[in-house]
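Colleague: To convert, count from 1 in the sequence shown and add 246; that's the numbering used here.
What follows is a single structure, and I will ask about it in a moment.
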Amino acid sequence: MADVLQYLGLARRAGKLMIGHDAALLSVRKGLAALVVLTEDASPRHKRELEAAGFRDRTAVIPCNMNATGVATGKKSCIYAVDDGGFAKAILNTLSKEGN
């Protein structure tokens with residue numbers, strides 16, 4: 247899980263991470279989001295809103311809470327949109343290696 251958190255932090259520093267509900271949904275609606283990452287303590291409402299926006303396939307739920315992602319990114323939230331294909335691929339590959 248540490249690798250995924252590192253990728254989120256790198257994406258933030260690169261300016262390719264939208265943090266928070268409104269920013270993530272705006273990124274999805276504009277077609278910029280390559281991946282949306284939700285923490286395990288995210289509200290079911292967030293998942294429904296992503297599905298309503300037509301963003302089902304490129305969503306990952308990571309097994310940590312928003313406090314852990316807040317430490318990694320510098321801003322506490324339960325929903326993040328990754329606006330870079332390379333970071334998205336790295337996060338998904340890491341999650342699949344970890345068996346999540």
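A virtual CB, placed ideally from N, CA and C, is assigned to each residue, including glycine.
Nearest CA to the CA of E286: which residue from A334, T305 and D330?
Modeller: Locating residue 286 in the sequence shown gives position 40, where the first residue counts as 1. Ranking A334, T305 and D330 by Cα distance to E286 puts T305 first.
Colleague: CB V282 to CB L296, shorter than 8 Å?
Modeller: Mapped onto the sequence shown, residue 282 falls at position 36. Mapped onto the sequence shown, residue 296 falls at position 50. Cβ distance < 8 Å, so V282 and L296 count as in contact.
Colleague: So within the stretch 298-328, which uninterrupted beta strand (DSSP E) runs reach at least 3 residues, ignoring any that extend past its ends?
Modeller: 305-308 and 325-328, all fully within the stretch 298-328.
Colleague: Looking only at its chain, what residues have a beta carbon closer than 8 Å to the beta carbon of A334, apart from the 5 residues adjacent to it on each side?
Modeller: As a working note, residue 334 is residue 88 in the sequence shown. Answer for A334: A280, L281, R304 and V328, listed in chain order.
Colleague: Does the separation of the CB atoms of T319 and V250 fall below 8 Å?
Modeller: Here residue 319 is taken as the residue at index 73 of the sequence shown, counted from 1. Here residue 250 is taken as the residue at index 4 of the sequence shown, counted from 1. It is not a contact, given that the beta carbons lie outside the stated cut-off.
Colleague: Short of 6 Å in beta carbon distance, which residues of its chain neighbour K321, apart from the five on each side in sequence? Order them along the chain.
Modeller: Along the sequence shown, read from residue 1 onward, the residue named residue 321 stands at position 75. Cβ within range, chain order: I265.
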